[in-house]
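Student: Here you go, one structure.
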Amino acid sequence: MRLIGSYTALATPFDEQSQLDIDAWVRMVEAQRSGGSAGIVVGGSTGEGQALEEAELAQLLSVALCYSGNMTVIAGTGHSSTRKTILQTQFARQHGAQAALVVTPPYVRPTQEGLYRHYIEVAERGGLPVILYNVPARTGCDLQPSTVARLAEVESIVGIKEANVAEERLSALLPMVSSRFSLLSGDDATAAQSILAGAQGVVSVASNILPATFRRLCDHALAGNADLVAARMNALMPLLSFLGVESNPIPLKALLASKGLGSDVPRLPLTKLSAEHRLTMEAMLPTLVALEFSAAAELAALSV
7 MRLIGSYTAL ATPFDEQSQL DIDAWVRMVE AQRSGGSAGI VVGGSTGEGQ
57 ALEEAELAQL LSVALCYSGN MTVIAGTGHS STRKTILQTQ FARQHGAQAA
107 LVVTPPYVRP TQEGLYRHYI EVAERGGLPV ILYNVPARTG CDLQPSTVAR
157 LAEVESIVGI KEANVAEERL SALLPMVSSR FSLLSGDDAT AAQSILAGAQ
207 GVVSVASNIL PATFRRLCDH ALAGNADLVA ARMNALMPLL SFLGVESNPI
257 PLKALLASKG LGSDVPRLPL TKLSAEHRLT MEAMLPTLVA LEFSAAAELA
307 ALSV
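So the number in my numbering is just where the residue sits in the sequence shown, counting from 1, plus 6.
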């Protein structure tokens, strides 16, 4: 498995009764496919994976596989317990997932040796290619480059989603990139610069809204077109700033609801977007439509 390009950490759409909105889910998956995304993450943190029942994750995976086309379908399977992570990874494999995105165990703050052994166990027993996921701000632990280097030698560990945006972290991880181990950015605002520096792609939140735009952003960054990347990023900054006004995926779900894709109310303990941010959201909507229309037109021209 070679990971390259734009991957979307899909939000999970719920209806007004907080049940899965499968019609919205189908349209979201189809939008990613037509927008040129390389893959989708199902049931990750953006998808409120910790709030999903197993039967719901199974349904989301089943439907996604029906409409994903050539996209890679990745399941978020990380838990604080190694045993639960293995079981969830095996469950995702049984329901068709093609890879597992495994976040560092949240809350328990393992040592680096504990992290190494955790990922080795999941890689050996989970039954899926593993993508490491490091997001210290959410988990309370930081997967160090020295540990990543050990894990990158394992055949079934195929990459890392890194959300630590420090320049020295990027510099330390880039030498580990190989034909079978990819470095994916976990931060939309710095993803393009990371790709220009040698990373292979991004696992994006914003591409829920702008899949074709992020596909083209990755295309330009992978081609080394720094000027085009800078112009695209400048246009994207209002959206990226908005997505950070409250905890992910609260702002994202409000945007998706404005497009008729599920309710704007996440599952507790997350709550709907505060009223003070709604005017900002509504003001940017026409610009987002224009950005995505332009990127989709580029993709259509390339396919002719």
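All C-beta atoms in this analysis are idealised placements derived from N, C-alpha and C, irrespective of residue type, glycine included.
Note that the structure is a prediction, hence the values are computed from the model and not measured.
So, helix, strand or coil for S188, using DSSP?
Tutor: Three-state result, S188: strand.
Student: Hey, is the segment 219-237 in contact with the segment 163-181, meaning 3+ C-beta pairs nearer than 8 Å?
Tutor: With the cut-off at 8 Å, the segment 219-237 and the segment 163-181 do not touch.
Student: Provide the residue span of the beta strand (DSSP E) that contains S12, from first to last.
Tutor: Note, S12: beta strand (DSSP E), 11-15.
Student: When the Cα atoms are used, what is the spatial distance from C72 to Q38?
Tutor: C72 and Q38: Cα-Cα distance of roughly 13 Å.
Student: Quick check: L121 and T153, are their CB atoms within less than 8 Å of each other?
Tutor: In this structure, T153 lies closer than 8 Å to L121 by Cβ.
Student: How should S51 be labelled, buried or exposed, when 16 other C-beta atoms within 10 angstroms of its C-beta is the threshold for buried?
Tutor: The residue is buried, with at least 16 neighbouring Cβ atoms inside 10 Å.
Student: Quick check on the DSSP output: the alpha helix (DSSP H) that includes T95 runs from which residue to which?
Tutor: That run of the alpha helix (DSSP H) goes 88-100.
Student: Can you say whether G42 is buried or exposed, counting buried as having 16 or more other CB atoms within 10 angstroms of its CB?
Tutor: With 16 or more Cβ atoms within 10 Å of its Cβ, G42 is classed as buried.
Student: Whole angstroms is fine: what's the gap from S370's alpha carbon to A17's?
Tutor: Residue 370 is absent from the model: the chain starts at 7 and stops at 310.
Student: How would you label A143, buried or exposed, when you count the other beta carbons within 10 angstroms and need 16 or more for buried?
Tutor: Exposed is the call here.
Student: Please state whether DSSP places I215 in a helix, a strand or coil.
Tutor: I215 falls in the coil class under three-state DSSP.
Student: If you draw a straight line from the alpha carbon of I92 to that of E130, how long is it in whole angstroms?
Tutor: If I take the Cα positions, the gap works out to 9 Å.
Student: Does P292 pass the burial test, meaning 16 or more other C-beta atoms within 10 Å, or should it be called exposed?
Tutor: That one is exposed.
Student: Within the continuous alpha helix (DSSP H) that includes T78, where are the two ends?
Tutor: T78 -> not in any alpha helix (DSSP H); beta strand (DSSP E) instead, spanning 78-82.
Student: In the DSSP assignment, what residue or residues form a beta bridge with N140?
Tutor: Paired residue(s): E168.
Student: Which partner residues of F20 appear in the DSSP bridge assignment?
Tutor: Paired residue(s): L26.
Student: Expressed to the nearest angstrom, what Euclidean distance is found between the alpha-carbon atoms of H85 and V271?
Tutor: Going by the C-alpha atoms only, they are around 24 Å apart.
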